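Chains as they are written, first to last, in this note's numbering: chain A, 1 to 721; chain B, 1001 to 1721.
Using N, Cα and C, we set each Cβ at its ideal position, and we do this for glycine too.
Computed from a predicted structure; not experimentally measured.
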């Protein structure tokens, strides 16, 4: 398959484009200029394609979340929930910043966000499809294809990262139909400047998560620091605030229903172009099983931290993530059950099939593609469940640490370019940070309980779906495992391992593999014991993946060509790269006779207030409302200060913290969630009910001005004189 | 206090009247003609004052519910929940009409609604204030005053009921400021013509009760039967359909948001003019305690019927009522907690006080009234809790039956005019019916469990708040009661009593009191044992009530005069008499960022459908929706058949089944519920959120035409040719 005719389709895509749905690559925006202008955009769409110019250069990634620069001194705003781990890292039982919030009195008091915290500024996105696929033969075996693509990606990344202070990756679009090189400036010294108390930043907690109406002050401020030379540097008191080329203007002008909004950010992953049978597998097997396993994990953590506030703080972030995922999966299942998505996908595939067979050229090009993909999907489905059960065992921090350390020793024996991604020289800094960070997020009792839970689940699988080497180690037989024997084994392992000691972990980073093979540490021994088996499983997975990398792009090429012929828009699935989406401020009808209006206000927050978590606002906030101390943030139409708002922009996880921009590209809000009906949008976007949820920036500013008194920051953003 | 100046106020009331709030006496309507016309009424308001003319003569009472005639042959429509007891009366395990619904194939198959079922047609309402209060001195003691008023009421009623076939009562308005004689034709042969299956008539059940959005087909048809001479007669196969002077025209024209609606019916009771301290007592003590007792009663019934479907059917109606009351009380408490009603009442009272002291005449007339009422309220509060605990013991069917029978024997020894209301000659028919009806609603095990539960609750009160005679009987001492001893006593009582036998009960109706005093039946013996104590308690209550009957009207006179001076409207609290209320079809905002639109439709019903009770529609209904078999009932704007709608009319319990009339006084719906926010409206009407919930008559007709095929009835109403 050649890709020379792909570009034409993308151009055609412009014709049929409509607002709301679509996570557009910045370079696509001029193609949909007419729509953007019609909806209200007041700046030249061409400006949005320049990643080094305003405003795109101000939109940054935190790795998993989005943020944006809002001052010339590297002040960045994101969501409270994106900074949750960093705030937790700085919290102790005595000084619980999560509960109390944080405001640095002066710059020197700004708090290091913790190992691994990053600010990534995208500086270039370049098409490298030819370099990756170029002369690659369709006849390669899956494993060979996988390996070849990985080698080429690594080579491109390595060359790119010769520019010191930058981080590069190659991202696949449309399942491998296109590849782009993403180059990002990597700022390693990130500090917390301001975080509201949990009673604001997480108001509504898990109860309100994914829900509307919403009243969450989900914002936090970071600052990027660099060396005195202006280049990224390790965290140090000598560093100085980074001065971004561009930053966003924070606007207090506010929005009204129907106003144009757009949003730039780093959405993580969507699956909008999967086949009916893939969707069906996920609905009927993957999500229910995975949700159940996460639920068991959550309960295990809750039970084993019930008597230890210190352990509870260590796992607070993990618990938050689990609750979010569980609700997400439930939302997916609820959404799926009512959406008729499988039937719609089947209808689409019937259309695709008719289109393929309707033309000799198309028959020639695509006749076998759908069948090949179907076969691969069935193959992947067969191993999914046992893989999931075995995979969850690896969630044990001790086991995963041992495996990673041993693998590092094995990979270190190879030339850098041949090593597995994640174990190359470029990865060692992060590797070390991850080993360091464990101290704040690990408690032996909890880890042991987690490992035990997942081994018991796994041991209940039929023997032929289990992993022989693992069964050997834990004496798992035809009839499963004896709990008493398992407990004794785990007790011994946790008693004897030294990996809970940070220095021990860091020391192992430099060791040769032979040392591991002689180690008496039970988790290292287990890692060594599983090595061959794990590698064989990995090779199988890579072989399958390599075959997907051939077939999926062929299928996507067919599907895109077909959709274009039907006048449908085509944008790539989210893949963690910078995207732009646009729409309007808009409510929706969640069910018969109910309409959700697009703004919430302070009075609604008071309605929800119970004084009990998660509806426990700080008394200063309630007092400010009681005093009607609204200042310039009173909205004339709402007759109160707006808190959150809904829009029709198309977002997903990874977009959290994205700046919401008005028609002049001024920052007027922060994306922080989607509505419950949007959860399924990762698979199937339904414009009538899919909404994004934003913090109105007026609420954040009101809190800073009238509740917690962060006047210096307001001055820095030009809000106060 | 003279009442000659009251009439003037009522006239003045017209000036300040506004839509929505207000349960108007029909004779008041011409005074608010301008408002009615402005909102859209198209008939002459004077027509609404003629109780023997159209349309008021078609609006009838079922005693606790409202209905209306919709054909010349006495066909009447009301709510399914108003006919619930009658449908239950005709249900057996084999032929469960509650589950399956009922349609009489021809008139002879129409089912007797059960003993005590009545249709009451109001024929006259006359002011008898002078006859009641006339020469009554303010210096009478409370008991004397109570007795004198009761005597005069009985004399008026007796004289009125000389017109055979009529039922009369004297109703107090404004706490006794005015008295009206209500004369009603009493039709005693009432039959079920049509009831939808429970999956339509109670769709949503207790989950959706008081809720919006709603999708309940809460309608049922009765027919009134009379003797061949056209006069009320005992149930008999010889009877013929009653031919009302007027009946309502059922309209398929439907309503739109904003349309005028009015409603005539028999609202039971509101407390809109209570004092702040009365409201506060009810919020903080009465409702929470009463809700708890009802909850315990409900649980006791549920536990003791868990293994007996036959007993469960007997108590289904009781359980329905309890669930409704419990949710009602919870709604009151939720509403109270957010409404600030006590503060508003206090503000009102401060205004009243300022107004009284601002003028010498007013000071003279009212200076002591507020203080006197306050004293009485405090006195009533002191006995409320122990009275409630003791009172719930009387919920035992066996105990209440024994008490009533013994009392009848005592009262029968007096001349009829001197007997207690409820025990006069005019009451004996109903008395007998009530004794008969017990068989369908009584199971010994449930009654025993109920009595036991309430005795245990009562026995936990401090000894000085209990009743000595009762304590003697059950050996309740300083430390309460021994459960084993209580169980033994109850076992013996239920084993020995013969009152569970209908014939035995009916036989006791004719006995002299001496026979009771010699009876060995343990419940009769208990009734005799409690006689003196119960009468002493009753005399105390009557004395207090007599004093209220002097003071409350004085307070109301002051309050009305004050409200008028402030330009506020004045209508009397509901008291079970015929009232008219009007407003518009209108949605509301239940909370921040949520708006409820005023119509639900069939698609919303499908959204709720789970296949499990209470969201289990009959398959024929779902099929009709799937087939889009909507006929003439499709609403062009809603794009579906409307199911329920909201309006701003002012209703309460007793209004259930009331015809909802359009501007031409055609029947377009049936009132069947209020929204959750309306529960508190019995105490404090908040126009922004108080809404009534109606069945759209188009839904009822659609079901009859397209789902269950009740074509003969549609023809009778002139809907089908």
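Measuring CA to CA, which of the options is closest to residue i?
{"i": "residue 1403 (chain B)", "options": "B:1527, B:1132, B:1372", "result": "B:1527"}
{"i": "residue 641 (chain A)", "options": "A:417, A:606, A:721", "result": "A:606"}
{"i": "residue 1193 (chain B)", "options": "B:1220, B:1295, B:1395", "result": "B:1220"}
{"i": "residue 1256 (chain B)", "options": "B:1712, B:1343, B:1654, B:1639", "result": "B:1639"}
{"i": "residue 1199 (chain B)", "options": "B:1217, B:1187, B:1209, B:1186", "result": "B:1217"}
{"i": "residue 253 (chain A)", "options": "A:634, A:655, A:707", "result": "A:634"}
{"i": "residue 1698 (chain B)", "options": "B:1381, B:1576, B:1045, B:1666", "result": "B:1666"}
{"i": "residue 231 (chain A)", "options": "A:247, A:414, A:165, A:178", "result": "A:165"}
{"i": "residue 1452 (chain B)", "options": "B:1158, B:1083, B:1483", "result": "B:1483"}
{"i": "residue 1561 (chain B)", "options": "B:1647, B:1654, B:1355, B:1712", "result": "B:1355"}
Determine the DSSP secondary structure at residue i, reduced to helix, strand or coil.
{"i": "residue 160 (chain A)", "result": "helix"}
{"i": "residue 1714 (chain B)", "result": "helix"}
{"i": "residue 342 (chain A)", "result": "helix"}
{"i": "residue 555 (chain A)", "result": "helix"}
{"i": "residue 1584 (chain B)", "result": "strand"}
{"i": "residue 1052 (chain B)", "result": "coil"}
{"i": "residue 1606 (chain B)", "result": "helix"}
{"i": "residue 46 (chain A)", "result": "helix"}
{"i": "residue 140 (chain A)", "result": "coil"}
{"i": "residue 73 (chain A)", "result": "coil"}
{"i": "residue 34 (chain A)", "result": "helix"}
{"i": "residue 703 (chain A)", "result": "helix"}
{"i": "residue 1622 (chain B)", "result": "helix"}
{"i": "residue 613 (chain A)", "result": "coil"}
{"i": "residue 218 (chain A)", "result": "coil"}
{"i": "residue 24 (chain A)", "result": "strand"}
Just the chain A side, please: which residues come within less than 7 Å of residue i by C-beta, in chain order?
{"i": "residue 1597 (chain B)", "result": "593, 595"}
{"i": "residue 1642 (chain B)", "result": "Within chain A, no residue comes near residue 1642 (chain B); the closest Cβ sits about 10 Å away, beyond 7 Å."}
{"i": "residue 1604 (chain B)", "result": "591, 592, 593"}
So residue i and residue j are supposed to be a Cβ contact under 8 Å. How far apart are they, rounded?
{"i": "residue 1436 (chain B)", "j": "residue 1502 (chain B)", "result": "6 Å"}
{"i": "residue 574 (chain A)", "j": "residue 652 (chain A)", "result": "6 Å"}
{"i": "residue 1386 (chain B)", "j": "residue 1461 (chain B)", "result": "6 Å"}
{"i": "residue 378 (chain A)", "j": "residue 544 (chain A)", "result": "Actually they do not touch by this definition, with Cβ atoms about 11 Å apart."}
{"i": "residue 1420 (chain B)", "j": "residue 1433 (chain B)", "result": "Contact flag wrong, Cβ pair sits at about 18 Å."}
{"i": "residue 670 (chain A)", "j": "residue 654 (chain A)", "result": "Wrong, their Cβ atoms sit about 14 Å apart, outside the cutoff."}
Which bits of chain B does residue i rub up against, with CB to CB less than 7 Å?
{"i": "residue 659 (chain A)", "result": "Going along chain B, no residue has its Cβ under 7 Å from residue 659 (chain A), so there is no contact; the nearest lies around 23 Å."}
{"i": "residue 607 (chain A)", "result": "1591, 1592"}
Which residues in chain A sit within 8 Å of residue i, going by Cβ to Cβ distance?
{"i": "residue 1213 (chain B)", "result": "591, 592, 593, 594"}
{"i": "residue 1600 (chain B)", "result": "592, 593"}
Tell me which residues share the same chain as residue i and place their Cβ nearer than 6 Å to its Cβ, disregarding the 5 neighbours each side in the sequence.
{"i": "residue 1373 (chain B)", "result": "1551, 1555"}
{"i": "residue 369 (chain A)", "result": "554, 555, 558"}
{"i": "residue 316 (chain A)", "result": "88"}
{"i": "residue 1405 (chain B)", "result": "1508"}
{"i": "residue 1246 (chain B)", "result": "1054, 1057, 1058"}
{"i": "residue 1511 (chain B)", "result": "1409"}
{"i": "residue 1615 (chain B)", "result": "1608, 1609"}
{"i": "residue 1588 (chain B)", "result": "1596, 1689, 1691"}
For residue i, collect the residues of the same chain with a Cβ closer than 8 Å to its Cβ; drop the 5 residues on either side in sequence, then sort them by chain order.
{"i": "residue 1523 (chain B)", "result": "1398, 1399, 1401, 1402, 1493, 1497, 1499"}
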